[in-house]
Amino acid sequence: MLISPFGDILKAFRKRKRLSQRVLAEQLGVHHNTIWSWEQGNYLPERKSVVLELGRLLGLSEAETRQLLEASLTALSPHWSVPYQRNVFFTGRDALLDQLHQRLHTDHAVALTQSYALYGLGGIGKTQIALEYAYRYALEYSAIFWIEGETVESILASLGRIAGHLQLPERGDSDQQRMVAAVQHWLTTNGTWLLIWDNVEDPELLYSFLPPARQGAILITTRRSSLGTLAHSLELSPMTLDEGAAFVLRRAHLNKEMRSDESKPHPSEWGTAQELVKVMGGLPLALDQAGAYIEEAGCGLSDYLQRYQQQRTPLLGRRGTAGRDHPHPVTTTFRLALEQARQQHSLAADLLCLCAFLAPEGIPEEFFLDGTASSEGTADPFVTDLYQFDQAIAALRNFSLVQRQPETQMLSLHRLVQVILQEGMSEREHMQWQQRVVHLLNAAFPAVTSDTGTKIWEPCERLLPHVITCAAALPACLQNQEFAELLLKAADYLDQRSQYERAKSLYQQALQIQIQLFGLEHPNVASLQSKLAYLYRLLGNYAQAKPLFQEASYVLEQALGPEHPEVAYPLEGLAMVYYEQGKYELAEPLQQRALQIREQARGLEHLEVALSLNRLGNVYYEQGKYELAEGVYQRALQIRERAWGPEHFRVAGPLSNLGDLYREQGKYELAESLFQRAVRIEEQALGPAHPDVAFTLVSLADLYREWGNSTQAEVLYQRALAIAEQALGPKHHAIAYPLHGLALLCQEQGQYEQAEALFQRALQIREQRLGQDHPKTAQTLHDLALFHQFQGNMSEAYALTKRALQIRLRSLGDTHPQTVVSRALAAQLEEARGIMQDGGPFPHNGEELLDVVSTTHLREEIRITPQEASHSAPPEHDLHINSSLSDLDHRDLWE
């Protein structure tokens, strides 16, 4: 066994300190033979922290400590031919190194000895991992040889160096084949060696130079994703945030203290370092360049990030003065790979240019096969020959420029590949490729309508990240009608998935494009204003919805005439704003006019007429005009039954509305039969797990709860909750409906702990999905306040009530019944607080509150009709005790 340089250095420093091996071992806390083994070169310290502690105990200077540390990283096997020093900045990758060690370790039987290939993008760190593996496990192999595998010339030079190291007689032979044969013979007749082939470009060269019989382990680095039967492939991923942050800080010498691998660098720099890792996509070469620049320029991480945003091209193209192990910078590395891929297949570069303007992950292959990204702007697919498509992808995969996931038929690429591709384009090329991407996306993105349902959700979700990428990056000069159409499709999808805030930004961007193209007086602009206004209404932002509806209505009337069917949409939207604000006297004539326009333009039996009838019925319902409401609901039901048949799922909407009406009138048996019919229709047409089924189940559960059948109500609430969670996700705003119903049921049954937890979950969902100021959020706050009132938590009840009242005042107005009820409850609680402050006992629960608080103020406050008061509270509760409105408002959930 050769004596390690580390042992010599350690021995010299120990003797200078006049310490025995045993004393130093005791001070270090290791076995007394450990120091002797290190100095003999039998093995080395496993962690850098141990070497650093040795430096402290031996009183070494910083330079001496670094000398000892570097020596600990250069252990050699008996036969060692590796042309590179160990990378002292190497960070992380421990799991991969352990994986390689388990698979290549020569303690395994020879028959199990494997060849493995590390593959990945240029600059991903393949060579550095192979180098670290060689140094880390050097003493476990009888020999470690390194072969530069890029060309025949480099391979021959490496084999000559190995022959010289082994002192083979053929080492100086002018016949290179004899020298190669001699090295192969040595590898065949000796075992437990490790042969590293670095940067293999052509697998055929491996077949030519590998020994016919293998008695050791082979580790290959390559950009190719597959080497056939030569080796098992392991893909190398970018560095994690923590690995990358630790590496760049170490590389830039920003660590004020030398730290072990297990500890994080200085916390003040950690967040900025992680941000840099994100920007660089975890590419080690890019992070190394950044660290070198920071070290040489003396700037900080934040300064570098700022410079990178302004001058990406020169920074990615600057290797630095210490880049000998990887001489090419990121820009050159990627451009060389792109040119090589282009030479292998002409279509490869075009595919990559399209990918440069999409999201880097999850690029569907159907973009290229079924899309319309032809340069002429026609409807021809970009790729018509599947074989040629596969060949182009293979060329890109040969250089790890893209990754292909066959199970999902998706492609992905590194974000820095996108950056360098974009930076290398002229302004004209940039615009052309972006136009082609928009053309492709617009052709591929499905149009969302009320009848499409969930069947288009999956393709929309696959395409959505790419639309968002375009929306964030497309310059104003390319924002044309086609791009506006694409944004509208994506916004309609997000609207259907109740992702209202994301939908809003896309609607707003599309609206700005339409205004630039057509002006404020164009019908297209007005129609889009109506869409945006509908979204504001859903978000409870009536102050922004109302003027948009009014403006759209005016523009459409001026442009198309007051009786045009397009005019009905903003009129009806404005009516719905007034309806939800409780201004039924303003909503009624607008809804009636919208109905009249549709009847005249579409005919009495048109489905749009049925929609208007449903909404007019809602207005009548809230006004207590039950006969009128029943008539329009029945007519809407008949139109839909005649158009679609009595078993169509769209028939369930007016059935459920009629059920709500009969429930309100106390006609529970009739309401029950309508709800049950609606559930049966939806289950048969849509399946028992469809979210529409859940909505109707909540209505039926509400009926049973009011009817006193708590057992059946709980079963339906739980089933509705399970359906909605499975279909829509646990945080969809619709989940709040069954949660709210369950909370009320638990409260009535005295299960107060469960009730509060359900109220809190419903509140959290509504705050996150609908917003802090939405009327539905106020409803949950109000009912939670009532819960605390019954529990005697008057301070909490008062705070929740005040918050609910403020939301309702802003969104619904001063006279809305919900606002009136919240103001009345706040007055009750305020009066109770006054009694307590005057020295009276504070009520312990809601029943005691009624005994001490005058109800005169409440009766004066609620200036609504007996019918309105009846609707404002569940019929089995006194209004003064439980003034909660029904959480599942009477509205057209199915429209």
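Just so you know, the sequence shown maps onto residues 1 to 895 in this note's numbering. Glycine is no exception: its CB is placed at the ideal position from the N, C-alpha and C atoms. All values reported here derive from a predicted model rather than from experimental measurement.
Contact between Ile155 and Val183 is absent: CB atoms are separated by about 11 Å, not below the 8 Å threshold. Straight-line spacing of the CA atoms in Tyr500 and Gln529 works out to 15 Å.
At the C-beta level, Phe247 and Asp288 come within 9 Å of one another. Counting every other CB atom within 10 Å of its CB across the protein chains shown gives Pro83 a total below 16, marking it as exposed. One alpha carbon belongs to Pro817, the other to Gly582, and they sit about 7 Å apart. For Val200, the beta-bridge partners assigned by DSSP are Thr222.
Cβ neighbours of Glu458 within its own chain (closer than 7 Å, five residues either side excluded): none. In this model, Ala552 and Leu358 are separated by some 34 Å (Cα to Cα).
In the three-state reduction of the DSSP assignment, Ala217 falls in the strand class. Two segments are said to touch when three or more pairs of C-beta atoms, one from each, lie closer than 8 Å; by this definition the segment 398-407 touches the segment 330-344.
Judged by their CB atoms, Leu234 and Leu96 are nearer to each other than the 9 Å cut-off. Burial of Leu786 is indicated by the presence of at least 16 other C-beta atoms within 10 angstroms of its C-beta. Secondary structure remark: continuous alpha helix (DSSP H) runs of at least 4 residues inside the segment 559-616, in chain order: 568-580 and 584-602. The segment 130-163 is shown to contain whole beta strand (DSSP E) runs of 3 or more residues at 143-148, in chain order.
The three-state secondary structure of His253, taken from DSSP, is coil.
Scanning Gly29, Glu26, Leu28 and Ile9 for the CA closest to the CA of Gln40 turns up Ile9. Taking a cut-off of 8 Å for Cβ pairs, the segment 579-593 and the segment 805-819 touch, as three or more such pairs fall below it. Straight through space, the alpha carbons of Arg677 and Val651 are spaced by roughly 10 Å. With fewer than 16 other Cβ atoms from the protein chains shown falling within 10 Å of its own Cβ, Pro547 counts as exposed. In the displayed model, Arg677 falls within a helix according to three-state DSSP. In this model, Glu366 and Tyr119 are separated by some 26 Å (Cα to Cα). Cβ-Cβ separation between Ala134 and Leu194: approximately 7 Å, consistent with a contact (criterion under 8 Å).
Per DSSP, Ser49 lies in no beta strand (DSSP E); the unbroken alpha helix (DSSP H) holding it starts and ends at Lys48 to Leu57. Under the 8 Å Cβ criterion, the segment 751-764 does not count as touching the segment 702-716, having fewer than three qualifying pairs.
Here DSSP, grouped into helix, strand and coil, assigns Ala755 to helix. Under the three-state reduction of DSSP output, Ile735 falls in the helix class.
Counting every other CB atom within 10 Å of its CB across the protein chains shown gives Ala722 a total below 16, marking it as exposed. Considering only Gly573, Gln496 and Leu658, the residue with the shortest C-alpha distance to Leu628 is Leu658. DSSP places Met431 in no beta strand (DSSP E) but in the uninterrupted alpha helix (DSSP H) bounded by Glu427 to Ala444. Ranked by how close their Cα comes to the Cα of Leu44, the residues Glu608, Glu672, Leu68 and Gln309 have Leu68 in first place. A direct Cα-to-Cα measurement between Ser226 and Gln405 gives close to 14 Å. The alpha-carbon separation between Phe549 and Leu276 amounts to approximately 45 Å.
In the structure shown, the three-state DSSP call for Ser208 is helix. With a 10 Å radius around the Cβ and a threshold of 16 neighbouring Cβ atoms, Val152 comes out exposed. For a cut-off of 8 Å, the C-beta gap from Ala559 to Gln509 is around 23 Å, too long to register as a contact. In this structure, Asn190 and Ser142 form a Cβ contact; the two beta carbons are roughly 7 Å apart against a cut-off of 8 Å.
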